[in-house]
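Enquirer:
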Amino acid sequence: MKKSHWYNYLWIWSVVYFAMGFFHILFAWLGLISFFLPLIFAVGVGSKGFCNRYCDRGQLLRALGGQKGFSRRKDVPDWMKSKAFRYGFLAFFMAMFANMLCMTYQVYTGAAELRETVTLFWSIPVPWSFAYAGGAEPWAAQFAFGFYSMMLTSAILGILTMLAYKPRSWCVYCPMGTMTQMICRMKAGAKKESNP
Amino acid sequence: MANQSKRHAVVDTMLCVACGACMEVCPRGAITVWKGSYSVVDDALCIGCGLCAKECPASVIRVEDRP
Numbered sequence: 066m067k068k069s070h071w072y073n074y075l076w077i078w079s080v081v082y083f084a085m086g087f088f089h090i091l092f093a094w095l096g097l098i099s100f101f102l103p104l105i106f107a108v109g110v111g112s113k114g115f116c117n118r119y120c121d122r123g124q125l126l127r128a129l130g131g132q133k134g135f136s137r138r139k140d141v142p143d144w145m146k147s148k149a150f151r152y153g154f155l156a157f158f159m160a161m162f163a164n165m166l167c168m169t170y171q172v173y174t175g176a177a178e179l180r181e182t183v184t185l186f187w188s189i190p191v192p193w194s195f196a197y198a199g200g201a202e203p204w205a206a207q208f209a210f211g212f213y214s215m216m217l218t219s220a221i222l223g224i225l226t227m228l229a230y231k232p233r234s235w236c237v238y239c240p241m242g243t244m245t246q247m248i249c250r251m252k253a254g255a256k257k258e259s260n261p
Numbered sequence: 153m154a155n156q157s158k159r160h161a162v163v164d165t166m167l168c169v170a171c172g173a174c175m176e177v178c179p180r181g182a183i184t185v186w187k188g189s190y191s192v193v194d195d196a197l198c199i200g201c202g203l204c205a206k207e208c209p210a211s212v213i214r215v216e217d218r219p
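Protein chains in written order, with the numbering used here: chain A, 66 to 261; chain B, 153 to 219.
#1: Tell me the DSSP secondary structure of V81 of chain A in three-state form.
#2: Do P219 of chain B and S234 of chain A come within 7 Å of each other at the CB atom, strictly closer than that value?
#3: Which residues in the same chain have their Cβ closer than 6 Å to the Cβ of E178 of chain A, if we skip the five residues on either side of it in sequence?
#4: For M211 of chain B, which three-state DSSP category applies?
#5: The beta strand (DSSP E) that contains W186 of chain B, what's its start and end?
#6: Pull up the CB-CB distance for F210 of chain A and T182 of chain A, whole angstroms please, since I reckon it's below 8 Å.
#7: Are A161 of chain B and C198 of chain B closer than 7 Å when you measure CB to CB?
#8: DSSP three-state label for S136 of chain A, please.
#9: Quick check on W144 of chain A: buried or exposed, where buried means 16 or more other Cβ atoms within 10 Å of its Cβ?
#10: Sort A:A201, A:G199 and A:M215 by Cα distance to T184 of chain A and report the nearest one.
#11: If you measure between the beta carbons of P230 of chain A and R151 of chain A, is that distance less than 7 Å?
#12: Rounded to whole angstroms, what is the Cα-Cα separation between G254 of chain A and F88 of chain A?
#13: Return the CA-CA distance between C168 of chain B and G199 of chain A, expressed in angstroms with no decimal places.
#14: Note down the Cα distance separating K138 of chain B from W187 of chain A, rounded to an integer number of angstroms.
#15: Can you tell me which of the three DSSP states Y246 of chain B falls into?
#16: Should W204 of chain A and V172 of chain A be called a contact, given that it needs their Cβ atoms to be closer than 7 Å?
#17: How about R159 of chain B and D217 of chain B: do their beta carbons lie closer than 7 Å?
#18: With DSSP run on the structure shown, which of helix, strand or coil describes V172 of chain A?
#19: Quick check: Y119 of chain A and Y72 of chain A, are their CB atoms within less than 7 Å of each other?
Structure (C-alpha cells):
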C-alpha cells in the first residue's frame, strides 16, 4: 500500500465547499478555484497536474469509491470514453455555463429578477433561499446560485458514475479534464499516434 | 534485462484521459503523464502488477506479455 500524500486529503475541500453553500450561497464563488487552477496548470505549464494530484473531486471519488469501497469498479461503457461523448459533454457544459452567465447578465441589467434556486441537472429547481439573506449585488448572488447548481450537478453525476463504474469515472468525461487535456495536447504538439 | 517481468502495462494513448489515477497507484513509480496528454509507462520499471489497469477509470490500460 502506498503511503498517503497531503493532497489525498483535498476531498475535504469538496465537502467544505458544498457545506458552505448551505449556509451562504456566495461561498459558491470559491468554486472558481477549481476552474482556474486546472487552466493555469494547462495553459501555463502544459500539465494536468491539477487532475493528477490536486483535484478535490478526483480525491473525493478516489476516497469514496476506492478507499471506502463504494464503487462497483466496473468498466465504463465504450461510448462514455469516446471522443464524441467527451467533447460533446464539454460543449454541452460550456453552453450551460454560457447560459448561466447570460442569466447573471440579465440580472445585472435588471432585465430579470434574482432567482434564489439551485437548479439540478439543468432542469430541476430546488428552493435555496435559506442560504441567502440579501446584501450582495443581485448579479453576484445569481452567479453564485448558478455556479453552485453546476458544481452540485456535476458532483452528483460524478458520484453516480463512481458508484456504477470505476471510482474516478467522472474524470473520463469531466469537462475541465477534457478541456485541459485538449490544451495540453495542443501545447505538446502531440501528433495522432497510431496505437501499437 | 535479466530481471524483467514477463508482463507489462500498455496504455491506449488515444483513449487515455490523462487523469493520473494510474500514476497514483503504481507501486514502482513507473508511470508519468506525458505533458498532460497521456500516461506513459517506463517499461524498465513496470513489473506488470496490473494495479494501474484496475484503477484506470477509462479502462484503457492492459497488462500484456512483453514482446
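Don't be surprised by glycine CBs; every beta carbon is placed ideally from N, CA and C.
Expert: Quick answer:
#1: Residue state, collapsed to three classes: helix.
#2: No, the Cβ-Cβ distance between S234 of chain A and P219 of chain B is not below 7 Å.
#3: So no residue of the chain qualifies.
#4: Going by the sequence as given, residue 211 of chain B is Ser instead of Met. In the three-state reduction of the DSSP assignment, S211 of chain B falls in the coil class, being assigned neither a helical nor a strand state.
#5: Start and end: I183 to W186.
#6: Contact holds; Cβ gap of about 7 Å.
#7: Remark: C-beta atoms of A161 of chain B and C198 of chain B approach each other more closely than 7 Å.
#8: Correct three-state label for S136 of chain A: coil.
#9: W144 of chain A should be labelled exposed.
#10: Measuring from the Cα of T184 of chain A, the nearest candidate turns out to be A:M215.
#11: It is worth fixing the name first, because residue 230 of chain A is Tyr in this sequence and not Pro. It is not a contact, given that the beta carbons lie outside the stated cut-off.
#12: For G254 of chain A and F88 of chain A, the distance between alpha carbons rounds to 45 Å.
#13: Roughly 45 Å between the two C-alpha positions.
#14: Absent from the structure is residue 138 of chain B, since the part of chain B shown begins at 153 and ends at 219.
#15: Outside the displayed range of chain B (153 to 219) lies residue 246 of chain B, so it cannot be described from this structure.
#16: Yes, these two residues count as a Cβ contact at 7 Å.
#17: In this structure, R159 of chain B places its C-beta atom within 7 Å of the C-beta atom of D217 of chain B.
#18: Three-state result, V172 of chain A: helix.
#19: Yes, the Cβ-Cβ distance between Y119 of chain A and Y72 of chain A is below 7 Å.
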